[in-house]
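Structure first, then comments.
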Amino acid sequence: LKLAVLVSGSGTNLQSLIDAQKEGYFNSEIALVVSNKASAYGLTRAENAGIKALVIKSDKELLDALLENEIDLIVLAGYLKVISSELINAYENKIINIHPSLLPEYGGHGMYGLYVHEKVFADKKDQTGATVHYVTAEVDEGPIIIQKKLIVDYDVIKSPEELQKAVLVIEHQILKEAIKIIEEQ
Ligand code: GRF
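What follows is the structure, encoded as structure tokens:
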């Protein structure tokens, strides 16, 4: 599959896909990396890996770039803009998102980044994790492809930042697994 990975931040999930592609973990090719933020370090990661990287200013520009590059699957990896219904319709069941919690818990509007882990930490949940799901019109509610749990030991995890770091490791594992699952469908 030709993948487009959409990022807004550091792009460690993107890096995990770049590394997976390099080691032949899946057959898909990351053909394009797109960000809505010129400052996203994910763009640098793409350039370092010789992958075409674009900054887009509108949903229209995004849709045109995806069609032009004949993208088969869109991967939202820390992409903090809501996807337009036009794009969801144009790529029905071909957009996936990675979310740093066991959806449907701690999902929905405003639940992203460190805030998710601050809520889990405040609630002292004994487990959390990460989820890869298909993107639909309802934020974080699409069919789940893969989830992985993390049992939280609060003697070890002493802050939301440490929880975020531990969950990121899981995100990196299940995102590349999700690509393989979709390839085999
Ligand atoms: C990850 O926690 C992801 O679950 C969330 O945004 C963060 C992106 O991190 N959607 P990175 O840019 O991949 O490092």
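What the sequence shown shows, in full-length UniProt numbering, is residues 4 to 188, in sequence order. Quick reminder that beta carbons are idealized off the backbone N, C-alpha and C, glycines included.
From which residue to which residue does the beta strand (DSSP E) around K63 run?
Counting from 1 along the sequence shown, the entry for residue 63 is found at position 60. Unbroken run through K63 is the alpha helix (DSSP H), D62 to E71; no beta strand (DSSP E).
Secondary structure at K127, three-state DSSP: helix, strand or coil?
Numbered from 1 along the sequence shown, position 124 holds the residue referred to as residue 127. The answer is coil: DSSP assigns K127 none of H, G, I, E or B.
What three-state label does DSSP hand S38 in the structure shown?
Translated into the one-based positions of the sequence shown, residue 38 becomes position 35. If DSSP states are grouped into helix, strand and coil, S38 belongs with the strands.
Endpoints, the beta strand (DSSP E) within which K84 is located:
As a position in the sequence shown, residue 84 is number 81, starting the count at 1. No beta strand (DSSP E) contains K84, which DSSP labels as neither H nor E.
As a quick exercise: from V58, L106, I149 and E32, pick the residue whose alpha carbon is nearest that of A52.
The count along the sequence shown starts at 1 and reaches residue 52 at position 49. Checked all of V58, L106, I149 and E32; the closest Cα to A52 is E32.
Answer yes or no: the CB of E144 versus the heavy atoms of the ligand GRF, is any distance below 6 Å?
On the sequence shown, residue 144 is found 141 positions in, with the first residue counted as 1. Checking the 6 Å criterion, the Cβ of E144 is out of range of every heavy atom belonging to the ligand GRF.
L90 vs L66 beta-carbon contact at 7 Å:
As a working mapping, residue 90 is identified with position 87 in the sequence shown. As a working mapping, residue 66 is identified with position 63 in the sequence shown. In contact: L90 and L66 (Cβ atoms closer than 7 Å).
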